[in-house]
Amino acid sequence: MNDDFYNRGLEKARQKDWAGAIEEFNSAIGLNPYFAEAYLQRGLAYYDLGDILQAVSDYTEALKRNPKSIEAYYCRALARVGLKNFPGALTDVNQAIFLNSNYASAYNLRAIIHRKQGYIQDAIANFKKAAELYLQQKDKENCRLCLEKIKELQPKEKPVLVRQVSSQASSIQSPQAYLTQLLEKAEKGDIRQALEDLNWALQVDPQDAQAYCCRGVVRCKQENYREAIADFNQALLLNFQDSIVYRNRGRARFHLGDYQGAIADFNRALQIQPQDALLYIARGNTYRAMGHYLAAIQDYTQVLQINPDDAQAYYNRGIAYAHLEEMQDAIADYQRAASIFCEKEDWGNYQQVLDSLKKIQSPSSELKQARHNILRQRLLRLVGGYWEIAQRLIEQAKRYYPGMSEEWYMEKVIDDLESDRGR
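Residue numbers 1 to 423, in our numbering, belong to the letters of the sequence shown in order.
Structure follows, in structure tokens:
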């Protein structure tokens, strides 16, 4: 019976007959004084009638009966804002967020409370979190409103530095972090969803240069280089000083065979960010594709001045040296690249370097020794640095497979150990 009164109350509330709704909820509560949801709905009706104090009273009764009612905490916080009881409102909205950390409206309300209290940086942080959640929920309008509020609060002459706030707001995710998540999503293979999210983000804010750049990167993963370039162009119209956009547009141009355009982009990016090792590698690869091997070697060498342990720089410089038939230099660079990849346990690139070594392999003792040293180092890592263990395994392999080379036995032991680890 009490459900009948309750349902009639909901229907009258939908019709905005607040007084009639209150009568029905009164009847439902009369039959069941522990009906938490009836108190909540009656509070909403009182609130809409303008009787805020009575609304707060009903929300409190609802919480006595259901202390985990997120909606009751939120509604009481909203009512207390109307009463200018900001400390009480903040306590309630914090509890709502504690019960549901993805409650976008609660972050939005907490931002409003902080703004009214004069805590502008805390307000900005909460508006950002609300905007992020609205964005994830595809609530375009509320996301846009939060972004507008952030712009209103931010200083006009310098960017806002958001200080550490309460524990609930300290995990605010920046727009950059959100875009990074989308790129990670694309990296894991969910390119379609990442592209859909970026399209939606650009509907929310068509002036977001970073979003255009990210969409360009995702389109490059689709090998849709022409549309990627269009996105990079748009990003540069909004921010012509972004070296990352020039770098990515240069890579897209490289894939389309526009080497001169790629070089121009890399040069422009290096003017902005002269210590970006990735730019030198990208430009070096382009020079190499053009047959300008000496220029490529200069770029790879520049990378190694920035980072002496950059394995990709050694490997690519080795390729350039091999094209110039400077085999000893190529071997030395391949050996160094393989050693670094081995230390990092990057076995995919390690094997790629070994394959390149094999292509230029000669009977020279230096090359044989280089390969032997690389295999020995890799095997040592697999046996925890105890060569006597490795030696016993090699001798065992020799008994089972007589007549093979020393390198063959080391490779056999390495393969067996890695297979055992993978089980």
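Cβ atoms here follow ideal geometry from the backbone N, Cα and C, with glycine treated the same way.
This structure is a prediction, so every number in the text was calculated from the model and none was measured.
Give me the Cα-Cα distance between residue i and residue j, rounded to the nearest whole angstrom.
i: asparagine 307; j: glutamate 343; result: 16 angstroms
i: leucine 49; j: alanine 38; result: 16 angstroms
i: isoleucine 263; j: lysine 116; result: 53 angstroms
i: glutamate 345; j: isoleucine 360; result: 24 angstroms
i: glycine 216; j: isoleucine 150; result: 27 angstroms
i: alanine 313; j: isoleucine 272; result: 21 angstroms
i: arginine 438; j: lysine 358; result: The chain is shown from 1 up to 423; residue 438 falls before or after that span and cannot be answered.
i: methionine 290; j: serine 405; result: 40 angstroms
i: leucine 40; j: isoleucine 29; result: 11 angstroms
i: phenylalanine 127; j: valine 56; result: 25 angstroms
i: glutamine 210; j: phenylalanine 254; result: 21 angstroms
i: glycine 20; j: tyrosine 6; result: 11 angstroms
i: leucine 380; j: valine 413; result: 11 angstroms
i: lysine 145; j: aspartate 17; result: The residue you asked about is not lysine; residue 145 is leucine in the sequence shown. The straight-line gap from Cα to Cα measures roughly 30 angstroms.
i: leucine 238; j: isoleucine 191; result: 25 angstroms
i: proline 87; j: tyrosine 103; result: 20 angstroms
i: cysteine 143; j: valine 81; result: 22 angstroms
i: threonine 286; j: arginine 317; result: 13 angstroms
i: asparagine 85; j: glutamate 132; result: 28 angstroms
i: tyrosine 34; j: lysine 64; result: 9 angstroms
i: glycine 189; j: glutamine 222; result: 10 angstroms
i: leucine 354; j: aspartate 309; result: 18 angstroms
i: aspartate 258; j: tyrosine 280; result: 17 angstroms
i: leucine 195; j: glutamate 187; result: 12 angstroms
i: aspartate 58; j: aspartate 92; result: 14 angstroms
i: phenylalanine 240; j: aspartate 265; result: 12 angstroms
i: tyrosine 400; j: isoleucine 394; result: 10 angstroms
i: glutamine 352; j: phenylalanine 341; result: 10 angstroms
i: proline 206; j: aspartate 416; result: 55 angstroms
Can you check whether the CB of residue j is closer than 8 angstroms to the CB of residue i?
i: alanine 277; j: tyrosine 246; result: no
i: serine 105; j: tyrosine 74; result: yes
i: leucine 90; j: isoleucine 113; result: yes
i: tyrosine 47; j: alanine 79; result: yes
i: cysteine 214; j: phenylalanine 232; result: no
i: alanine 228; j: glycine 250; result: no
i: valine 204; j: leucine 135; result: yes
i: glutamate 24; j: glycine 9; result: yes
i: lysine 398; j: tyrosine 386; result: no
i: tryptophan 200; j: lysine 129; result: no
i: leucine 256; j: tyrosine 293; result: no
i: alanine 320; j: tyrosine 300; result: yes
i: serine 69; j: alanine 77; result: no
i: alanine 337; j: alanine 295; result: no
i: leucine 153; j: alanine 123; result: yes
i: aspartate 333; j: tyrosine 350; result: no
i: arginine 371; j: glutamate 407; result: yes
i: valine 383; j: isoleucine 389; result: yes
i: aspartate 242; j: alanine 235; result: yes
i: alanine 13; j: alanine 45; result: yes
i: isoleucine 52; j: leucine 31; result: no
i: valine 218; j: leucine 198; result: yes
i: glutamine 377; j: serine 339; result: yes
DSSP three-state call for residue i: helix, strand or coil?
i: phenylalanine 5; result: helix
i: glutamate 326; result: coil
i: leucine 198; result: helix
i: phenylalanine 240; result: coil
i: aspartate 51; result: coil
i: asparagine 85; result: coil
i: phenylalanine 35; result: coil
i: serine 171; result: With a pLDDT of 38 at serine 171, under the threshold of 50, the modelled position of that residue is not reliable, and the figure given next carries that caveat. Three-state DSSP puts serine 171 in coil, outside helix and strand.
i: asparagine 108; result: helix
i: serine 69; result: coil
i: leucine 90; result: helix
i: serine 339; result: helix
i: tyrosine 59; result: helix
i: lysine 12; result: helix
i: lysine 188; result: coil
i: lysine 116; result: helix
i: valine 165; result: Only weak support exists for where valine 165 lies, its pLDDT of 33 falling under 50; the coordinates are left without a value.
Specify, as a first and last residue, the run of the alpha helix (DSSP H) that residue i falls within.
i: lysine 149; result: 140-153
i: tyrosine 453; result: A query on residue 453 cannot be resolved here, the shown segment of the chain reaching from 1 to 423 and no further.
i: glutamine 298; result: 293-306
i: glutamine 137; result: Segment: none, glutamine 137 is in no alpha helix (DSSP H) and carries neither H nor E.
i: tyrosine 400; result: 387-400
i: isoleucine 22; result: 18-31
i: glutamine 222; result: Per DSSP, glutamine 222 belongs to no alpha helix (DSSP H) and is neither H nor E.
i: glutamine 351; result: 347-359
i: asparagine 102; result: It is not in any alpha helix (DSSP H) - asparagine 102 carries neither H nor E in the DSSP assignment.
i: asparagine 285; result: 277-289
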